[in-house]
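Single-structure report; data block below.
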Amino acid sequence: MADPRPVALITGARRGIGKAIALGLARAGFDVAINDVGPSAELDAAVAEAMATGVRAAAIAGDIAETSGHSAILDEAERALGPLTTLINNAGVSVASRGDLLEVSEASYDRCQSVNTRGLFFLTQAFARRLLARERVLNLHHSIVTITSANAIGVSINRGEYCVSKAAASMVSKLFAARLSNDGIGVY
Numbered sequence: 285m286a287d288p289r290p291v292a293l294i295t296g297a298r299r300g301i302g303k304a305i306a307l308g309l310a311r312a313g314f315d316v317a318i319n320d321v322g323p324s325a326e327l328d329a330a331v332a333e334a335m336a337t338g339v340r341a342a343a344i345a346g347d348i349a350e351t352s353g354h355s356a357i358l359d360e361a362e363r364a365l366g367p368l369t370t371l372i373n374n375a376g377v378s379v380a381s382r383g384d385l386l387e388v389s390e391a392s393y394d395r396c397q398s399v400n401t402r403g404l405f406f407l408t409q410a411f412a413r414r415l416l417a418r419e420r421v422l423n424l425h426h427s428i429v430t431i432t433s434a435n436a437i438g439v440s441i442n443r444g445e446y447c448v449s450k451a452a453a454s455m456v457s458k459l460f461a462a463r464l465s466n467d468g469i470g471v472y
């Protein structure tokens with residue numbers, strides 16, 4: 285029997301950085317669950333590109349801002365590809381429109397927080413709980429990687445709500461790294 289292959293869920297991966305990460309992991313031998321907010325031709329194309337590398341890939345539609353759907357996202361990925369070993373938190377949104385910090389709307393602030401921080405936190409929590417609840421394959425590295433932004437530490441007063449959400453996302457990663465370090469789960 286062949287050694288088990290690592291399986292990664294990459295959020296926000298139909299295009300851009302997420303797609304590049306998914307394809308890079310596929311080339312490295314990971315089976316990849318490619319997530320985005322909803323079904324699309326771009327999502328299907330990303331899956332086809334990943335499969336062309338010789339690995340298994342699946343399209344996983346689901347909005348990480350909707351925390352009630354996190355179990356379904358994880359379940360669908362594991363039904364399609366087997367137990368997940370890796371979560372790549374890549375999904376993110378920017379501001380509704382750039383402008384004066386004194387004019388930021390609650391809606392724009394909440395939008396950034398719901399995806400970039402709240403959704404990321406609770407998806408990471410759900411994934412970590414799954415890893416801890418089951419026996420892990422010893423020869424596979426189990427990890428959580430969060431993609432943030434230079435704006436996690438850099439000041440950009442014309443998109444303050446984004447900066448706040450990315451700074452918080454960086455802290456989420458640090459917190460889970462501290463919590464999971466003794467459990468053999470790398471958090472980056």
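Just so you know, we're using the numbering used here here: the sequence shown kicks off at 285 and counts up by one. Just so it is clear, CB atoms sit at the ideal spot from N, CA and C, and this is done for glycine as well. It should be emphasised that the depicted structure is a prediction, and the values quoted were computed from it without experimental measurement.
Tell me, which residues are paired with residue i by DSSP?
i      : result
ASP315 : VAL291
ILE344 : ASN319
SER265 : Residue 265 lies beyond the residue range present for the chain, which begins at 285 and ends at 472; the question has no answer from this structure.
Mind checking residue i: buried by the 16 CB within 10 Å criterion, or exposed?
i      : result
ARG467 : In the sequence as presented, Arg is not what sits at residue 467; that position holds Asp. ASP467 comes out exposed.
LYS458 : exposed
SER381 : exposed
LEU358 : buried
HIS425 : exposed
ASP320 : buried
SER449 : buried
ASN400 : buried
LEU385 : exposed
GLY322 : exposed
GLY403 : buried
ALA332 : exposed
GLY470 : exposed
LEU536 : Beyond the ends of the chain as shown, which are 285 and 472, falls residue 536; an answer cannot be given.
GLY438 : exposed
GLY346 : buried
ALA481 : The structure shown does not extend to residue 481, since the chain is modelled only from 285 through 472, so no value can be given for it.
ALA334 : buried
ALA412 : buried
At the 8 Å Cβ level, is residue i part of the contact set with chain D, yes or no?
i      : result
LYS450 : Within the model displayed, chain D is absent; a lone protein chain is all it includes.
Tell me which residues share the same chain as residue i and place their Cβ nearer than 7 Å to its Cβ, disregarding the 5 neighbours each side in the sequence.
i      : result
ARG311 : THR337
PHE405 : VAL456
SER474 : The question about residue 474 has no answer here: the residues shown for the chain are numbered 285 through 472.
LEU365 : VAL291, ASP315, ALA317, ARG340 and ALA342
GLU362 : LEU368
LYS303 : ALA297 and ALA330
Note down, in chain order, each residue of its chain lying with its Cβ closer than 6 Å to the Cβ of residue i, except the 5 sequence neighbours on either side.
i      : result
ARG443 : VAL379 and ARG382
SER440 : CYS447
ARG420 : HIS426
LEU407 : ILE348 and HIS354
ALA451 : ALA436
LEU309 : ALA292 and VAL316
PRO288 : VAL421
Among residues of its own chain, excluding the 5 on either side of residue i, which ones have a beta-carbon nearer than 8 Å to its beta-carbon?
i      : result
ILE305 : ILE294, ALA297, ILE372, ASN374 and ILE431
CYS396 : VAL377, SER378, VAL379, GLU445, TYR446, VAL448 and SER449
GLY313 : ARG289, PRO290 and VAL339
Review point. Are the segment 287–301 and the segment 318–333 touching by the rule of at least three beta carbon pairs closer than 8 Å?
Key: In short, these stretches touch, since the Cβ pair count reaches three.
Check your understanding: Whole alpha helix (DSSP H) runs in the segment 375–400 with 4 or more residues, listed along the chain?
Key -> 390–397
Check your understanding: Would you call the segment 408–418 and the segment 381–395 in contact, with 3 or more CB pairs under 8 Å?
Key -> no
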